[in-house]
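J.: Starting off with a structure, shown below.
There are 2 protein chains.
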Amino acid sequence: METIRVELGERAYPIYIGNDILDDASLYARHLVTGRAAIVTNAVVAPLYLDRVRRALSASGAQTIDIVVEDGEQAKDWGTLDLVFDALLSARCDRQTVIVALGGGVIGDLAGFAAAVYQRGVPFIQVPTTLLAQVDSSVGGKTAINHPRGKNMIGAFHQPLAVISDVATLDTLPDRELRAGLAEVIKHGLALDARFTEWLETNIGRLLARDPEALTHAVRCSCELKAQIVAADERESGRRALLNFGHTFGHAIETGLGYGTWLHGEAVAAGMVMAAELSARSGAIGEAEVRRVRELIARAGLPAAGPSLAPDRYLELMAVDKKAAQGRIRFVVLEAIGHSALRADLDERHVREAIVASTGSSVAPH
Amino acid sequence: METIRVELGERAYPIYIGNDILDDASLYARHLVTGRAAIVTNAVVAPLYLDRVRRALSASGAQTIDIVVEDGEQAKDWGTLDLVFDALLSARCDRQTVIVALGGGVIGDLAGFAAAVYQRGVPFIQVPTTLLAQVDSSVGGKTAINHPRGKNMIGAFHQPLAVISDVATLDTLPDRELRAGLAEVIKHGLALDARFTEWLETNIGRLLARDPEALTHAVRCSCELKAQIVAADERESGRRALLNFGHTFGHAIETGLGYGTWLHGEAVAAGMVMAAELSARSGAIGEAEVRRVRELIARAGLPAAGPSLAPDRYLELMAVDKKAAQGRIRFVVLEAIGHSALRADLDERHVREAIVASTGSSVAPH
Numbered sequence: 001m002e003t004i005r006v007e008l009g010e011r012a013y014p015i016y017i018g019n020d021i022l023d024d025a026s027l028y029a030r031h032l033v034t035g036r037a038a039i040v041t042n043a044v045v046a047p048l049y050l051d052r053v054r055r056a057l058s059a060s061g062a063q064t065i066d067i068v069v070e071d072g073e074q075a076k077d078w079g080t081l082d083l084v085f086d087a088l089l090s091a092r093c094d095r096q097t098v099i100v101a102l103g104g105g106v107i108g109d110l111a112g113f114a115a116a117v118y119q120r121g122v123p124f125i126q127v128p129t130t131l132l133a134q135v136d137s138s139v140g141g142k143t144a145i146n147h148p149r150g151k152n153m154i155g156a157f158h159q160p161l162a163v164i165s166d167v168a169t170l171d172t173l174p175d176r177e178l179r180a181g182l183a184e185v186i187k188h189g190l191a192l193d194a195r196f197t198e199w200l201e202t203n204i205g206r207l208l209a210r211d212p213e214a215l216t217h218a219v220r221c222s223c224e225l226k227a228q229i230v231a232a233d234e235r236e237s238g239r240r241a242l243l244n245f246g247h248t249f250g251h252a253i254e255t256g257l258g259y260g261t262w263l264h265g266e267a268v269a270a271g272m273v274m275a276a277e278l279s280a281r282s283g284a285i286g287e288a289e290v291r292r293v294r295e296l297i298a299r300a301g302l303p304a305a306g307p308s309l310a311p312d313r314y315l316e317l318m319a320v321d322k323k324a325a326q327g328r329i330r331f332v333v334l335e336a337i338g339h340s341a342l343r344a345d346l347d348e349r350h351v352r353e354a355i356v357a358s359t360g361s362s363v364a365p366h
Numbered sequence: 367m368e369t370i371r372v373e374l375g376e377r378a379y380p381i382y383i384g385n386d387i388l389d390d391a392s393l394y395a396r397h398l399v400t401g402r403a404a405i406v407t408n409a410v411v412a413p414l415y416l417d418r419v420r421r422a423l424s425a426s427g428a429q430t431i432d433i434v435v436e437d438g439e440q441a442k443d444w445g446t447l448d449l450v451f452d453a454l455l456s457a458r459c460d461r462q463t464v465i466v467a468l469g470g471g472v473i474g475d476l477a478g479f480a481a482a483v484y485q486r487g488v489p490f491i492q493v494p495t496t497l498l499a500q501v502d503s504s505v506g507g508k509t510a511i512n513h514p515r516g517k518n519m520i521g522a523f524h525q526p527l528a529v530i531s532d533v534a535t536l537d538t539l540p541d542r543e544l545r546a547g548l549a550e551v552i553k554h555g556l557a558l559d560a561r562f563t564e565w566l567e568t569n570i571g572r573l574l575a576r577d578p579e580a581l582t583h584a585v586r587c588s589c590e591l592k593a594q595i596v597a598a599d600e601r602e603s604g605r606r607a608l609l610n611f612g613h614t615f616g617h618a619i620e621t622g623l624g625y626g627t628w629l630h631g632e633a634v635a636a637g638m639v640m641a642a643e644l645s646a647r648s649g650a651i652g653e654a655e656v657r658r659v660r661e662l663i664a665r666a667g668l669p670a671a672g673p674s675l676a677p678d679r680y681l682e683l684m685a686v687d688k689k690a691a692q693g694r695i696r697f698v699v700l701e702a703i704g705h706s707a708l709r710a711d712l713d714e715r716h717v718r719e720a721i722v723a724s725t726g727s728s729v730a731p732h
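Protein sequences, first through last, are from chains A and B. The end of the first sequence is residue 366 by our numbering, with every number in the run present. The end of the second sequence is residue 732 by our numbering, with every number in the run present.
Put into C-alpha cells, the structure is as follows:
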C-alpha cells in the first residue's frame, strides 16, 4: 500500500492506495471521530462492496447506517441529496458522524456535498471505486450537485479526512470507464510530468490489463501531481488551471454532442489532442510531440480526434465556457511533454486550424 | 459611524455600525470584487430599503439584480433557496458576483447559505435590518436553511466580506422584535462583560426609545464581545458555548410551546433568568445577582419567568438539546455578572428547584 499526503494545513489528509485495502479496518479506525458512520453508496456499488466496507467499519468500532441512492448522474440532484439528509436526520446522526462516500465521482460529489452542509459540516471519508474518482475527485475537495440550469452549480470545497483507493475495485469497472479514467491519468502526465508520461507510454498495456501494481503506481503519481497543485492553490486559480488541459475543447465536445454521448474522459482525450495541435500551430511544441500525444491516447483506446463539428460551432461552444475571461478563450497549451501553460493570447486562426486538423471522428466511442 | 473588525485571519471582515449608513456607497465600493451584485431581500423589507441599497450599489459602480423572496421563517427552506439559485443562474451571475443580504436573520441565513454554495462559494455582504441580526447573526459566519426534520440542519460557515448595520433601519422594527433583539444584547453583557451590563442597566430606556447613539453603542459592544469569542473559536467549541447562556432553557421553552409561540429572544430572556436561578442554587452567585438579572430583563419588556411547564417536561426537552453530551445536560452558569462558565456537573435537584422558582409566566409575550 502507498500513502500520499495532500498538504492543506489543518485540512491535510492522506490518500491510501493499494490492492484489496477496502476492508482494512485500521485505515478507517484512525479517522473515526466517534463511533458513528453513514455509508452513502448507490444501487450498483452496494451489492459489490457495501458489506465489506460495513464490516471494516464495524471492526473499527463504528455503528453504521447505509444510505443507498440511485446510480447515475441524475442522482446528483437536490432530491437525492434530500434523501441523504432525511436518512441522516431520522437516524439522529450528529455532527461527529463520519460520512463514507463509497462509489464513483457522482457519489463522491453528492456525499461530499452532503457532508459539507449537514449540520454545517461533518467529516467524510472517500472510498472511490472508479479510476476517474481515484485520480481526479479524490484530490481537491470539490463537491457539488447539479442544477437544472447547469452542472456542479451548487457545491462546496470540503476536504475529506482520508481517501481509501482500492485498485481491486477497478476489476468490476466496465472497459469504457476504465479508459475514460486513464484519460485523466494521461492528462496529469502530459500537462505536468515528462517522466510519468514516459512511464505511461511503456505501461499503458499493463494498465488496460488492470495489473494492480501498475494501477497503484498510476493512481499514486496522478494523485501526487494533482495534490502538489491543489496544495499550492486550494481555491482554484493560477496553476490549478493547468489541470484543465484538454478540458476547453473537451467541454465543447460534451456540450456540442449533448452530455453523456461521450464520457467526460473521452471528450478530454480528444480535447488533449486538439490542444496539442493548437500548441504546435502556436509554435509551442513540434509535430513530434503532437504525435506522441495522439499515439498515447489512441493506445489507451481513447478517441484521438474530436467529433466533426464545424470550427465555428467549436468556437461558439468554447466562448461560453467558464474559463472564458474578458471575451477571450483561455487554453492550456503544451510547451513540452510534461510542461503546460495557460494562454489567453492565442491566434483564432491557429485555433481553427487545430480544430480542422484534429477532428473528424465519425464513430462514437463505446 | 463605528467600525469593528472580526479577526479571522484571511477571512477577517469589518462591521460598520451607524445611523443612516445604509446608502453610503463608499462602504459597498470597497468590497465589490467586480461590478456585479445580487440583492436578496424579502417582501416586507424591499419596499422600505431596497431602492436605497440598489442606488448605493449602482453609485459604487455595480450592476445589480434584485431577488425578493417571501417574508418569514418558512422562507428558510430549499424551495426558496432554489428560487435564489434560479435567479442567479438566469442572470448568469458568475463566481465574482457579490450577494447582498438585506433583511433580518432569515434573509441573512438564507442568502448567506446561497452565497456559501452557489458555484462552490461567492462573496457576500450582510445588511441586517433587525436588532437580532445586527447583534447576533452578523458575527460568526453561520448560515443555514431549515429541514422539515429540524431547524438550521443544512448550512455552512461562510464569513461575509463586510456587515453594514444601520441602526436607523430599526425604526421600522415592531416593538416586540426590538425587545427580542435586546435579549441577545443583554445576554452578551450578563455572560461576558460586567461594565457593559452596567451600561445596559443605565441605558435600557434609551434603547427602548430607539436612541440612535445608544443603539450604535449597544450593537457595537455586542458585536465586539461576540467577535472576540468567535475569533478564538471559529468552529464552535469551548468558549463559544458561553454564547448559549440562557439558550438551554430557552430552546426548551421554544420547543415545549411550539416554535413561534414565543420569539427566540423572549425564550432566551426567560431562559437567562432560569439559568441565573440555577447558578444561585448551585452556589455560583447570590440572590442579589439573580435579582439584577430578573430586573434588567423585566425592564427591557421581556418575560422574566418561563412558562409553567412541569420540571419533568423541561428536563425532557433539555435532554434532547444539541448541547447534551454523554447523557448530561450542559448549562452555561453565571459565576458573577459578566462572567459565565459551561458546566456539565450540576445537581438535577438544583435544576428542578430553579425551574420551580423561575417559571409561572401565564401570559405569553406580545
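Glycine included, C-beta positions come from ideal geometry on N, C-alpha and C.
1. Closest to residue 479/B by C-alpha separation, out of 508/B, 500/B, 609/B, 566/B, would be which residue?
2. Roughly how many whole angstroms lie between the Cα atoms of residue 322/A and residue 366/A?
3. From the beta carbon of residue 139/A, is the nearest beta carbon of chain B less than 7 angstroms away?
4. Hey, is residue 483/B's beta-carbon within less than 7 angstroms of any beta-carbon in chain A?
5. From residue 690/B to residue 655/B, what distance separates their C-alpha atoms?
6. If you measure from the beta carbon of residue 124/A to each beta carbon in chain B, is any gap under 7 angstroms?
7. According to DSSP, is residue 688/B part of a helix, a strand, or is it coil?
8. Any C-beta of chain A sitting closer than 7 angstroms to the C-beta of residue 402/B?
9. Just to confirm the assignment: which complete alpha helix (DSSP H) runs, minimum length 4, are found wholly within the segment 382-431 of chain B?
10. Per DSSP, what are the beta-bridge partners of residue 707/B in this structure?
11. Going by the DSSP bridge assignment, what does residue 466/B pair with across the sheet?
12. Following the continuous alpha helix (DSSP H) through residue 193/A, name the residue where it begins and the one where it ends.
13. At a Cβ cut of 7 angstroms, what residues of the segment 146-160 of chain A count as close to chain B, listed as they run along the chain?
14. Take every Cβ of the segment 157-164 of chain A, pair it with every Cβ of the segment 276-290 of chain A, and state whether three or more of those distances are shorter than 8 angstroms.
15. Could you give the first and the last residue of the continuous alpha helix (DSSP H) run that contains residue 273/A?
16. Residue 530/B bridges to which residues according to DSSP?
17. Excluding the 5 residues flanking residue 355/A on each side, which residues of the same chain have their C-beta closer than 6 angstroms to its C-beta?
18. If distances are taken between C-alpha atoms only, which option among 209/A, 219/A, 317/A comes closest to residue 256/A?
19. Answer yes or no: do residue 116/A and residue 158/A have a C-beta to C-beta separation smaller than 7 angstroms?
20. Give the range of the beta strand (DSSP E) segment to which residue 523/B is assigned.
21. Under 8 angstroms: do the segment 549-568 of chain B and the segment 707-723 of chain B share three or more Cβ pairs, one atom per stretch?
22. Decide if residue 579/B is buried, meaning its Cβ has at least 16 other Cβ atoms within 10 Å, or exposed.
23. Hey, out of 10/A, 96/A, 19/A, whose CA is closest to residue 2/A's CA?
24. Comparing C-alpha positions only, which one of 104/A, 305/A, 94/A sits nearest to residue 177/A?
25. Which whole-angstrom value is the C-beta distance of residue 125/A and residue 100/A, which I expect to be below 8 angstroms?
26. If you measure from the beta carbon of residue 609/B to each beta carbon in chain A, is any gap under 7 angstroms?
27. For residue 502/B, which residues of its own chain have a beta-carbon under 6 angstroms away from its beta-carbon, when the five flanking residues on both sides are left out?
28. Over the uninterrupted beta strand (DSSP E) stretch that includes residue 5/A, give me the two end residues.
29. Does the beta-carbon distance from residue 637/B to residue 616/B come in below 7 angstroms?
30. What is the DSSP secondary structure of residue 672/B, counted as helix, strand or coil?
31. In terms of residue numbering, what span does the alpha helix (DSSP H) encompassing residue 508/B cover?
32. Check whether the segment 390-400 of chain B and the segment 421-439 of chain B are in contact - that is, three or more C-beta pairs closer than 8 angstroms.
33. Let me see if you follow: with CB-CB separation under 7 angstroms, is residue 486/B close to chain A or not?
34. If contacts are defined as beta-carbon pairs under 8 angstroms, then residue 671/B and residue 631/B qualify, I think. What distance do you get, rounded to the angstrom?
35. Counting only the same chain and skipping the five closest in sequence on each side, list residues whose C-beta sits under 6 angstroms from that of residue 453/B.
T.: Judging by the given coordinates:
1. Locating residue 479/B in the second sequence gives position 113, counting from the first residue. Check the Cα spacing between residue 479/B and each of 508/B, 500/B, 609/B, 566/B: the tightest is with 508/B.
2. By 1-based counting over the first sequence, the position of residue 322/A is 322. By 1-based counting over the first sequence, the position of residue 366/A is 366. The predicted model places residue 322/A with a pLDDT of 48, which falls under 50 and marks its position as unreliable, so this point remains unresolved.
3. The sequence position of residue 139/A within the first sequence is 139, counting from 1. Under the 7 angstroms criterion on CB atoms, residue 139/A is classed as non-interfacial with respect to chain B.
4. The residue given as residue 483/B occupies position 117 in the second sequence. Yes, because at least one Cβ of chain A sits closer than 7 angstroms to the Cβ of residue 483/B.
5. Locating residue 690/B in the second sequence gives position 324, where the first residue counts as 1. Locating residue 655/B in the second sequence gives position 289, where the first residue counts as 1. Residue placement at residue 690/B is poorly supported in this model, since its pLDDT is 48, which falls under 50; the coordinates are not used for a value here.
6. Within the first sequence, the letter at position 124 stands for residue 124/A. No, residue 124/A lies away from the interface with chain B (no Cβ there is under 7 angstroms from its Cβ).
7. For the purposes of this step, residue 688/B is identified with residue 322 of the second sequence, where counting begins at 1. For residue 688/B, the pLDDT reaches just 48, beneath the cut-off of 50, and the residue's location in the model is therefore unreliable, although a value from the coordinates is still provided. Coil, per DSSP.
8. Counted from its first residue, the second sequence places residue 402/B at position 36. Judged by the 7 angstroms Cβ criterion, residue 402/B is not in contact with chain A.
9. The qualifying runs are 391-395, 417-425.
10. Sequence index remark: in the second sequence, residue 707/B carries index 341 (1-based). Per DSSP, 699/B.
11. Translated into positions along the second sequence, residue 466/B becomes position 100. Looking at the DSSP assignment, residue 466/B forms a beta bridge with 405/B, 491/B.
12. Within the first sequence, numbered from 1, the residue matching residue 193/A stands at position 193. Unbroken run through residue 193/A: none, as it is neither H nor E.
13. So the list reads 147, 149, 150, 153, 154, 155, 156, 157, given in the order they occur along the chain.
14. Proximity of the segment 157-164 of chain A to the segment 276-290 of chain A falls short of the contact definition, fewer than three beta-carbon pairs being nearer than 8 angstroms.
15. Taking the first sequence and counting its residues from 1, the one referred to as residue 273/A is at position 273. Counting along the chain, the unbroken alpha helix (DSSP H) around residue 273/A starts and ends at 264-281.
16. Position 164 of the second sequence holds residue 530/B. Its beta-bridge partners are 382/B.
17. For the purposes of this step, residue 355/A is taken as the residue at position 355 of the first sequence. Once the five neighbours on either side are set aside, the close Cβ partners of residue 355/A are 311, 314.
18. Taking the first residue of the first sequence as 1, we reach residue 256/A at position 256. The residue with the shortest Cα to Cα distance from residue 256/A is 317/A.
19. As a first step, residue 116/A is located in the first sequence; it is residue number 116 there, counting from the start. As a first step, residue 158/A is located in the first sequence; it is residue number 158 there, counting from the start. If you check the CB distance, residue 116/A and residue 158/A come in under 7 angstroms.
20. As a first step, residue 523/B is located in the second sequence; it is residue number 157 there, counting from the start. In the DSSP assignment, residue 523/B falls within the beta strand (DSSP E) that extends over 516-523.
21. Counting Cβ pairs under 8 angstroms, fewer than three are found: no touch.
22. Working through the second sequence from its first residue, we reach residue 579/B at position 213. Exposed: under 16 other Cβ atoms inside 10 Å.
23. To locate residue 2/A, count along the first sequence from 1; it is residue 2. Closest by alpha carbon: 19/A.
24. Against the first sequence, residue 177/A aligns to sequence position 177. When only C-alpha atoms are compared, the closest one is 104/A.
25. Within the first sequence, the letter at position 125 stands for residue 125/A. Within the first sequence, the letter at position 100 stands for residue 100/A. Beta-carbon to beta-carbon, residue 125/A and residue 100/A are separated by about 5 angstroms, close enough to satisfy the 8 angstroms threshold.
26. The residue given as residue 609/B occupies position 243 in the second sequence. Taking 7 angstroms as the CB threshold, residue 609/B stays off the interface with chain A.
27. Taking the second sequence and counting its residues from 1, the one referred to as residue 502/B is at position 136. Only 550 meet the Cβ criterion.
28. For the purposes of this step, residue 5/A is identified with residue 5 of the first sequence, where counting begins at 1. Bounds of the beta strand (DSSP E) holding residue 5/A are 2-6.
29. For the purposes of this step, residue 637/B is identified with residue 271 of the second sequence, where counting begins at 1. For the purposes of this step, residue 616/B is identified with residue 250 of the second sequence, where counting begins at 1. Yes; because the gap between Cβ atoms is below 7 angstroms, this pair is in contact.
30. Residue 672/B sits at position 306 when you count from the first residue of the second sequence. DSSP places residue 672/B in strand when its eight states are reduced to three.
31. Locating residue 508/B in the second sequence gives position 142, counting from the first residue. Per DSSP, residue 508/B lies in no alpha helix (DSSP H) segment; the continuous beta strand (DSSP E) that holds it begins and ends at 508-513.
32. Taking 8 angstroms as the limit for Cβ pairs, the verdict is that the segment 421-439 of chain B does touch the segment 390-400 of chain B.
33. As a first step, residue 486/B must be located in the second sequence, where it is residue number 120. Interface residue, yes.
34. Within the second sequence, numbered from 1, the residue matching residue 671/B stands at position 305. Within the second sequence, numbered from 1, the residue matching residue 631/B stands at position 265. Contact check for residue 671/B and residue 631/B: beta-carbon distance about 15 angstroms, past the 8 angstroms limit, so the pair fails to qualify.
35. Here residue 453/B corresponds to residue number 87 of the second sequence, with the count starting at 1. Contacts found: 433.
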